[in-house]
Each structure stands twice: as C-alpha cells, then as structure tokens.
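Novice: Numbering (the numbering used here), first residue to last: 10 to 497. Note that CB positions come from ideal geometry on N, CA and C, so glycine has one too. Here it is: the structure, laid out below.
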C-alpha cells in the first residue's frame, strides 16, 4: 500500500514485533551487527548518513546532501544542522568522522572492507565532511547507508548508553529475549515518523511460534514468514502480507575452499550439480523464491547477468565431477533453523538428491543458539543466508574478496578481486555490466557457495498497522518499520 494511500500518520500505541535474526550475544556496538534484530533496534536508536528508499535509491538522512568531484574520488557530505543526540549533544562533523572511523584501521568490523578505499576524512566545517578515496566509487552514498554505519557521538566507547539521534530511546535491554524502546519527547526531526509511544521487540526464532503470536494478537508484525503459512495468513481479514519478490535472503550452503575436500573444484562442482534447487524451492519455500546462481547477486540488481543460465540438477554430471575428484563423501554439512527457517529441510533434500549421484551427505543438526559465533566461519561446510544489498559492489566486496572478514568460503582469486575494484570505478555502464557479469561467472564456477535460492522477502502484520511495505533491500521495510509505521 503506497504511503499516500495509508493515510496521515498518527501518534501513539505500542508496536510489538516478533522477529527472527538475533541471539543472546547481540550487542549495541555497531561493529558487531550481523543480523536482522540488531539492525532493527539500532535504527530505532540511531540514524545513518544515507537512507535507502523502497525503490532502492540513496536518499538523505543525517546527511542532507552530498556531491562529488568528477571521477568520484572526492566527496563532500553536508550534515544536517540542529539534530541532537538523546544526551542533548548537537550532531556535528566530529561525530560523523568518529563513527566512520570505527570501521577503519585496526577493527574486526565486517564493514572494514567497505571503507578500505578511504584515504582521508576531513572536517571542512562543523557541518561538512570531506571524504577522499584512493579510487573513484560512485556507490559511496550506498556504502554509507550500510547498517553498521550508524552515527554515534564522538568518542563513544560505552555503546550501552545508546545515545542516538533516532526517534526512540532504549529502556530495556535483554538480548536474546526482548528489547524495549520508548519515543523521545518532543517532535522527531523526521516529519511523519517516530509515531509509536513504545516499541517492544521480542526474539522469536521459531517460525511457528512467531506465526502463532501474530494470529493470536500477541505481536503486531513478524519477519521471515514461513512460505508454507503465507496462504493461511492471507485468509485472515486481520492480517496482511508484505511480499518483495527477489528481494529476500540468499539461501546457501557454503564450504571453505582452502580446506579438504572442498579445495578440489570438482568436489564443489559435484555438489552444485547434485543439489535439486527446484525441489527445495517448491517444497521448502512453497514457490516463494527464485533459483540461485551460486553467488549473491539477485534478479533485482541492475547488474544481474540475465544471460547466465541456472545450473540444472544433473546427477550424472555431479557423479562425473565426484569421480574426477576421487571422492564422493561423506560430506558433513552443519545446519540449524537458527541459520534460517528451512535450512534443515533444504539440507535433507540435498542429501537425498546427492544419493542419485552416488554421493553421501551427512546432515549434522546443531543448536541455533550461538550459531553465528560458533559454526558460521568456523566449520568447513554449513548453512548460511546473506541479506540483500543495494549495489553489486556491496554484494561482492564483503562476501568474496580475498581476506574480507565475512568471506565465508575463503574464496581467493586475484582476477576476481581486480574486477571488483575496476567495476567500482568504471563510469561506463556497459563496461561495468560486463565486469560484474564476469564476476558472477567466476563465482558460479569457482567459489564455495551453493546459493540454491533467493527468497522473496515476506513479512506479515496486523491490517491496522501502517508502514509494513515491500522494500528493495531488507525485510520489515528496510528494518525501519518502528520509525516509519503507525496504527490506523
């Protein structure tokens, strides 16, 4: 429902969210954010310089405008005046510089790779910041919209103070259980936003429990709706579905390609031909997904290579590659519903389809609690999902460039790394598209990611809730439902 058709925003009420995508180890430190719940609560409390609108365009947030010199190597961001943090401190250029630098230099922030091109950040005035790059990047505003890039007061080391410029202030902090925020007094600096008196975010990792909570009016909205329940929920006159086709998560199994046996390319090709993607999409996702191409670029991205054909389920070809590699398992795949809903069922279908290639897959079910700390990036073969990103560069640079923190396949190819860098600075759209197409072809053939499906983003909520709309990037209206929504 377009914003104009939803009526004038109204103040008041408590928004109750039931969400998957967090754990007891969640933190308020932006250098640790890795899933939906931390993104959601951070954007209740803080803001970024740039926001992405529902169509995927970069729009002003704390930066009211920006401009670059020809070549896109030197940028100036104009910071809004009169914005204050909860502590009363006025936002200025020092806060912006400090916040960006949290993800530069000696840091474990997953956003470090996004900012490596920055050579200088200079304060031109109290409300102007200059950013210089070692190479041009027309996507810099998109990078600064990344959810790690919230703006905190200069010098912040104790993030538990939750001192932000956002619409809400933190009042209850129980990571893994629930988080409560209350609206700040006075008018929010964004007209029409920050309408709820209180936002209660509950951690509900089980999809069935989450769905039941919505049906029984214990929560007002849920994310990551199980595709199998969409039909049931759609029949209710009190529930609406927000569906963004192809904008959902990228569902995958990832293998470390510098570890045996996955360092053998024929093993990976055998696994890629041996997975029945269509059956998984039909049976696990109820058709609410498109076939993945073994990388994270999705069909909504303008640089998606439409000439690339989906890898078919071909047991004979899979068997050929396993024979060439001199092995056919057993391969241990660690999965959990804590990775994503349907991970276990997808793995079981994968296990059955590999049998037709005379290969053995051992599906090891592990706990969802601490999955992202103890399994992902740690074990040789596991389930993972990747969220959508607004640009091809963001999709590729965090995930596949050599040495990046979140390179969860340990993929390393100098040719690929150079293509990513060259495409980033290429202003000729045709040439840029060709570079990204080559990146996709390399990943499909060489990388350790088996991205078998790109899901639709599926949220559900009460029909009296406004602001629950499809978005080109993340679920829950780019995780800004608390800020954007209201009750009719």
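(1) Report yes or no: do three or more beta-carbon pairs, one from the segment 79-93 and one from the segment 371-384, lie closer than 8 Å?
(2) Compute the beta-carbon to beta-carbon distance between residue 456 and residue 304, rounded to the nearest angstrom, for a pair I have assumed lies under 8 Å.
(3) Output the boundary residues of the beta strand (DSSP E) element that contains residue 458.
(4) With a threshold of 6 Å on Cβ separation, who are the neighbours of residue 323 within its own chain once the five nearest residues in sequence on each side are excluded?
(5) How would you label residue 355, buried or exposed, when you count the other beta carbons within 10 angstroms and need 16 or more for buried?
(6) Nearest-angstrom Cα distance between residue 468 and residue 459?
(7) Given this structure, state the Cα-to-Cα distance separating residue 310 from residue 425, to the nearest angstrom.
(8) Specify the secondary structure class of residue 378 as computed by DSSP and reduced to three states.
(9) Looking only at its chain, what residues have a beta carbon closer than 6 Å to the beta carbon of residue 334, apart from the 5 residues adjacent to it on each side?
(10) Put residue 122 into one of helix, strand or coil per three-state DSSP.
(11) How long is the line joining the alpha carbons of residue 256 and residue 399, rounded to whole angstroms?
(12) Tell me which residues share the same chain as residue 75 and place their Cβ nearer than 7 Å to its Cβ, disregarding the 5 neighbours each side in the sequence.
(13) Could you tell me how far apart the beta carbons of residue 491 and residue 208 are, in whole angstroms, since I believe they sit closer than 8 Å?
(14) Looking only at C-alpha atoms, which of 265, 214 and 388 sits nearest to residue 350?
(15) Among all the DSSP beta bridges, which residues are the ones paired with residue 69?
(16) Under the assumption that residue 390 contacts residue 359 (Cβ atoms under 8 Å), give the Cβ distance between them as a whole number of angstroms.
(17) Can you name the start and end residues of the alpha helix (DSSP H) that residue 251 belongs to?
(18) In whole angstroms, what is the alpha-carbon distance linking residue 413 and residue 386?
(19) Measure the beta-carbon distance from residue 317 to residue 194 and round it to whole angstroms, keeping in mind my assumption that it falls under 8 Å.
(20) Would you tell me roughly how many angstroms separate the C-alpha atoms of residue 243 and residue 364, rounded to the nearest one?
(21) Report the three-state DSSP secondary structure of residue 145 (helix, strand or coil).
(22) When burial is assigned at 16 or more other CB atoms within 10 Å of the CB, is residue 320 buried or exposed?
(23) Can you list the beta strand (DSSP E) stretches of 3 or more residues lying completely in the segment 337-412, in chain order?
(24) Apply the 10 Å Cβ neighbour rule to residue 8 and answer buried if 16 or more other Cβ atoms are within range, or exposed otherwise.
(25) Out of 62, 34, 122 and 102, state which residue places its alpha-carbon closest to the alpha-carbon of residue 405.
(26) Please specify which runs of the beta strand (DSSP E), each continuous and at least 3 residues long, are wholly inside the segment 75-107, giving them in chain order.
Specialist: Here's the rundown:
(1) Verdict: no, contact absent.
(2) Counting from one through the chain shown, the residue named residue 456 turns up at place 447. Counting from one through the chain shown, the residue named residue 304 turns up at place 295. Confirmed, Cβ separation roughly 7 Å.
(3) Along the chain shown, read from residue 1 onward, the residue named residue 458 stands at position 449. Unbroken beta strand (DSSP E) run through residue 458: 458-464.
(4) On the chain shown, position 314 is the one that residue 323 refers to. Cβ-Cβ distances below 6 Å link residue 323 to 282 in the same chain, with the five nearest sequence neighbours on each side left out; the list follows chain order.
(5) Looking up residue 355 in the chain shown gives position 346. Residue 355 is buried by the Cβ-count criterion.
(6) As a position in the chain shown, residue 468 is number 459, starting the count at 1. As a position in the chain shown, residue 459 is number 450, starting the count at 1. When the Cα atoms are used, residue 468 and residue 459 turn out to be separated by approximately 25 Å.
(7) Sequence index remark: in the chain shown, residue 310 carries index 301 (1-based). Sequence index remark: in the chain shown, residue 425 carries index 416 (1-based). Their Cα atoms are separated by approximately 19 Å.
(8) The residue you call residue 378 lines up with position 369 of the chain shown. The answer is coil: DSSP assigns residue 378 none of H, G, I, E or B.
(9) Your numbering for residue 334 matches position 325 in the chain shown. Only residues of its own chain outside the window of five on either side were considered, and among them 273, 275 and 276 have a CB closer than 6 Å to the CB of residue 334, listed in chain order.
(10) Locating residue 122 in the chain shown gives position 113, where the first residue counts as 1. DSSP places residue 122 in the helix class (H, G or I) of the three-state scheme.
(11) Here residue 256 refers to the residue found at position 247 of the chain shown. Here residue 399 refers to the residue found at position 390 of the chain shown. The alpha-carbon atoms of residue 256 and residue 399 are separated by roughly 10 Å.
(12) Position 66 of the chain shown, counted from the start, is the residue given in the question as residue 75. For residue 75, same chain residues with a beta-carbon under 7 Å away, outside a window of 5 residues either side, are 84, 85, 86, 87 and 150 in chain order.
(13) For the purposes of this step, residue 491 is taken as the residue at position 482 of the chain shown. For the purposes of this step, residue 208 is taken as the residue at position 199 of the chain shown. Sure, about 4 Å apart at Cβ, within 8 Å.
(14) Looking up residue 350 in the chain shown gives position 341. For residue 350, the nearest C-alpha among the options comes from 214.
(15) The sequence position of residue 69 within the chain shown is 60, counting from 1. Answer is 59.
(16) Here residue 390 is taken as the residue at index 381 of the chain shown, counted from 1. Here residue 359 is taken as the residue at index 350 of the chain shown, counted from 1. In fact, because the Cβ distance is near 11 Å, the residues do not count as touching under 8 Å.
(17) On the chain shown, position 242 is the one that residue 251 refers to. For residue 251, no alpha helix (DSSP H) run applies; the uninterrupted beta strand (DSSP E) run containing it begins and ends at 248-253, by DSSP.
(18) If you number the chain shown from 1, residue 413 lands on position 404. If you number the chain shown from 1, residue 386 lands on position 377. Taking the straight line from one Cα to the other gives about 11 Å.
(19) The residue given as residue 317 occupies position 308 in the chain shown. The residue given as residue 194 occupies position 185 in the chain shown. In fact, because the Cβ distance is near 53 Å, the residues do not count as touching under 8 Å.
(20) Start at 1 with the first residue of the chain shown, and residue 243 comes out as number 234. Start at 1 with the first residue of the chain shown, and residue 364 comes out as number 355. A straight-line Cα-Cα distance of about 37 Å links residue 243 and residue 364.
(21) Within the chain shown, numbered from 1, the residue matching residue 145 stands at position 136. In this structure, residue 145 counts as coil in the three-state DSSP scheme.
(22) Counted from its first residue, the chain shown places residue 320 at position 311. So residue 320 counts as buried.
(23) 340-344, 370-374 and 390-395, all fully within the segment 337-412.
(24) Given that the chain is displayed from residue 10 to residue 497, the structure contains no residue 8 and the question cannot be resolved.
(25) Taking the first residue of the chain shown as position 1, residue 405 is located at position 396. The shortest Cα separation from residue 405 among 62, 34, 122 and 102 belongs to 122.
(26) The segment 75-107 contains these whole beta strand (DSSP E) runs: 83-88.
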